[in-house]
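Enquirer: Residue numbers (my numbering): 145 to 518. Cβ atoms here follow ideal geometry from the backbone N, Cα and C, with glycine treated the same way. Okay, here's the structure, questions in a sec.
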Amino acid sequence: MRRVLRISLLALLALGLFRPAVAQAGIGVGISVNFAPPALPIYEQPPCPEEGFLWVPGYWAWDDDDQDYYWVPGTWVLAPEPGLLWTPAWWGWGDGVFLFHEGFWATEVGFYGGIDYGFGYFGEGFEGGRWDNGRFMYNRAVVNVNVTNIHNVYEDRTVIRNVTETRVSYNGGQGGTTARPTSREDQVSHLQHFPPARPQMEHAQMARSDPQMRASANQGKPPVAATARPTEFKSGAVAARSAGAPYHPPANRPAPGGRTAAPGGNPNAPSGSNVPTHARELQPHQAPAPSGNAKFDQQQQKLIEKQNQEHQKLQQQQDKEDQRQMNAQKKQQMEQRHAQQTQQMEQRHAQQQQHLQPHPPSHPPSHPPSRPPK
């Protein structure tokens, strides 16, 4: 994975946060991944714990060690100082990979990919409240505040948006949002930015260290989707009601240590030992990001659909055979046959993908292709 340092080493040392584990939480370091993050889960916002706390939306981060996305729960955070607002982290497609953009504090909210995180972060700016003479005023029509404990509130229902049909968590690429920075958001990029507060860093690190927060474990529905305060994953925590969309990571995604994990196998096993033994152990094939060749992309999509149909048919056949009553010897023979069938199908699919490769044009184009603006 490629990383681009966003914060100076001196600043990290001053914060006492120059630790690889924290950096891989996706805060302070730019990270690139070759497949898209899961959809944003659906969850309720816990009530604001006390005056002065601002909402920080949950997001998917990436762990290089586990080669997996993990969910950093949304939480209420005490603003580092009055007047600062939070710009959420976001993923965007660029240079053939998904790039992570860190969140930051500033006097105004900047660009965050046009992603609808909800609770005031509807894709542009923040509608959940505003600073007024050093006090934060909460828009109770958008964020969850208890007016018994917090009195500096107002109600503006004109900003309430309809729930989006999709819960896409990235900008650009296939299926991503299409938003571009406004002129005002461009100006915010030149303002002074402040890194996440220490509680936010600790919150992200706690999420990273919890195996149940990994997308491969929770399938896009994290057991802790939001918390009332940073790092409080039990008291006042809220579980996701559902995943934002079915999560199907690429079957051949990199495994820990840089190896390619065989679908359904154990990525920590020695090379060659992590082979699938049943079709149900395989993840459905996923289309990669667009190549720029429309004809090739269409052919590849048709091939993937055909392969997934074959996969489903074999799984149904094997599941049916598993239900039959038989002695130990016949059962062992059946399992060996299933393993052979599954591995042969995977080899056949891999060969089909290799044969379907975009070919360069026989003659160069008369005009060089135009490049998208940077």
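(1) With VAL297 and ARG284 assumed to form a contact (beta carbons below 8 Å), what rounded beta-carbon distance in angstroms separates them?
(2) What residue range does the beta strand (DSSP E) around VAL200 cover?
(3) Going by DSSP, name the residue or residues bridged to TYR265.
(4) Tell me MET281's beta-bridge partners as DSSP assigns them.
(5) For a test of the three-state rule: what should DSSP assign to ALA406, helix, strand or coil?
(6) Have a look at ILE175, PRO181, SER176 and flag the residue whose alpha-carbon is nearest the alpha-carbon of HIS363.
(7) Tell me which same chain residues have a C-beta within less than 8 Å of the C-beta of TRP249, skipping the five on either side of it?
(8) For the alpha helix (DSSP H) containing LEU458, list its first residue and its last residue.
(9) Please report the residue range of the beta strand (DSSP E) in which ASP330 lies.
(10) If you follow the beta strand (DSSP E) that HIS295 is part of, which residue opens it and which one closes it?
(11) With a threshold of 16 other CB atoms inside 10 Å of the CB of MET345, please say whether the residue is buried or exposed.
(12) What does the alpha-carbon distance come out to for the pair ILE259 and ARG301?
(13) I think GLY264 touches VAL286, with their Cβ atoms under 8 Å apart; what is that distance to the nearest whole Å?
(14) Does the stretch 376 to 395 come into contact with the stretch 231 to 245, if we say contact requires no fewer than three beta-carbon pairs (one atom in each stretch) closer than 8 Å?
(15) Just the C-alpha distance for GLN451 and TRP234, rounded to the nearest angstrom, thanks.
(16) Would you give the residue range spanned by the beta strand (DSSP E) that HIS245 belongs to?
(17) Using CA coordinates, which residue listed in THR251, ASN277, ASN293, MET478 is at the minimum distance from SER333?
(18) Is there contact here, the stretch 470 to 485 with the stretch 347 to 358, by at least three beta-carbon pairs under 8 Å?
(19) Do PRO374 and HIS347 have their C-beta atoms within less than 8 Å of each other?
(20) For LEU198, count neighbouring C-beta atoms within 10 Å of its own C-beta (all shown protein chains included) and say buried if the count is 16 or more, exposed if not.
(21) Cα-Cα, which of TYR256, GLN456, GLU490, ALA183 is closest to GLY319?
(22) Nearest to GLN496 by CA position, among ASN471, GLY436, HIS429, is which residue?
(23) Just grab the DSSP bridge partners of GLY236 for me.
(24) On the CB-based measure, 16 or more other CB atoms within 10 Å of its CB, does HIS499 come out buried or exposed?
(25) Who does ASP207 pair with in a DSSP beta bridge?
(26) DSSP three-state call for VAL287: helix, strand or coil?
(27) Could you please give me the residues that DSSP links to VAL218 through a beta bridge?
(28) Do you know offhand how far LEU335's Cα is from SER379's?
Expert: Let me spell this out:
(1) As a first step, residue 297 must be located in the sequence shown, where it is residue number 153. As a first step, residue 284 must be located in the sequence shown, where it is residue number 140. Confirmed, about 5 Å.
(2) Counted from its first residue, the sequence shown places residue 200 at position 56. VAL200 -> beta strand (DSSP E) spans 197 to 200.
(3) Locating residue 265 in the sequence shown gives position 121, where the first residue counts as 1. Paired residues: GLY262.
(4) Against the sequence shown, residue 281 aligns to sequence position 137. For MET281, which the question treats as bridged, DSSP gives the partners ARG274.
(5) Looking up residue 406 in the sequence shown gives position 262. Residue placement at ALA406 is flagged as unreliable, the pLDDT there being 38, under the threshold of 50; a coordinate-derived value is accordingly withheld.
(6) By 1-based counting over the sequence shown, the position of residue 363 is 219. Per the sequence presented here, residue 363 reads as Gln, with His not at that position. Looking at the Cα atoms, PRO181 is the closest of the given residues.
(7) As a position in the sequence shown, residue 249 is number 105, starting the count at 1. Closer than 8 Å at the Cβ level, and outside the excluded window around TRP249, lie ALA223, PRO224, LEU228, LEU229, TRP230, THR231, HIS337, PHE338, PRO339, PRO340, ALA341.
(8) Counting from one through the sequence shown, the residue named residue 458 turns up at place 314. Residues 438 to 466.
(9) The residue you call residue 330 lines up with position 186 of the sequence shown. Element bounds for ASP330: not the beta strand (DSSP E) but the alpha helix (DSSP H), 327 to 332.
(10) By 1-based counting over the sequence shown, the position of residue 295 is 151. That residue, HIS295, is in no beta strand (DSSP E); it is neither H nor E in DSSP.
(11) For the purposes of this step, residue 345 is identified with residue 201 of the sequence shown, where counting begins at 1. It counts as buried.
(12) Residue numbering aside, residue 259 sits at position 115 when the sequence shown is read from its first letter. Residue numbering aside, residue 301 sits at position 157 when the sequence shown is read from its first letter. Cα to Cα, ILE259 sits roughly 20 Å from ARG301.
(13) As a first step, residue 264 is located in the sequence shown; it is residue number 120 there, counting from the start. As a first step, residue 286 is located in the sequence shown; it is residue number 142 there, counting from the start. That pair is a contact at about 5 Å.
(14) no
(15) If you number the sequence shown from 1, residue 451 lands on position 307. If you number the sequence shown from 1, residue 234 lands on position 90. Rounded to whole angstroms, GLN451 to TRP234 spans 32 Å at the Cα level.
(16) One-based indexing of the sequence shown puts residue 245 at position 101. Counting along the chain, the beta strand (DSSP E) containing HIS245 begins and ends at 241 to 245.
(17) Taking the sequence shown and counting its residues from 1, the one referred to as residue 333 is at position 189. Closest option to SER333, Cα to Cα, is THR251.
(18) no
(19) Stepping through the sequence shown from its first residue, residue 374 is reached at position 230. Stepping through the sequence shown from its first residue, residue 347 is reached at position 203. A contact, by the Cβ cut-off of 8 Å.
(20) Taking the sequence shown and counting its residues from 1, one reaches residue 198 at position 54. The residue is buried, with at least 16 neighbouring Cβ atoms inside 10 Å.
(21) As a first step, residue 319 is located in the sequence shown; it is residue number 175 there, counting from the start. With distances taken between Cα atoms, GLY319 lies closest to ALA183.
(22) Residue numbering aside, residue 496 sits at position 352 when the sequence shown is read from its first letter. Checking every option, the nearest Cα to that of GLN496 belongs to HIS429.
(23) Numbered from 1 along the sequence shown, position 92 holds the residue referred to as residue 236. Bridge partners of GLY236: LEU243, ASN315.
(24) The residue labelled residue 499 in the question sits at position 355 within the sequence shown. Label assigned to HIS499: exposed.
(25) Walking along the sequence shown from the start, residue 207 turns up at place 63. BP columns for ASP207 point to ASP212.
(26) Counted from its first residue, the sequence shown places residue 287 at position 143. Correct three-state label for VAL287: coil.
(27) For the purposes of this step, residue 218 is identified with residue 74 of the sequence shown, where counting begins at 1. The sequence as given places Gly at residue 218; Val does not occur at that position. Its beta-bridge partners are ALA370.
(28) Sequence index remark: in the sequence shown, residue 335 carries index 191 (1-based). Sequence index remark: in the sequence shown, residue 379 carries index 235 (1-based). Spanning the two alpha carbons is a distance of roughly 37 Å.
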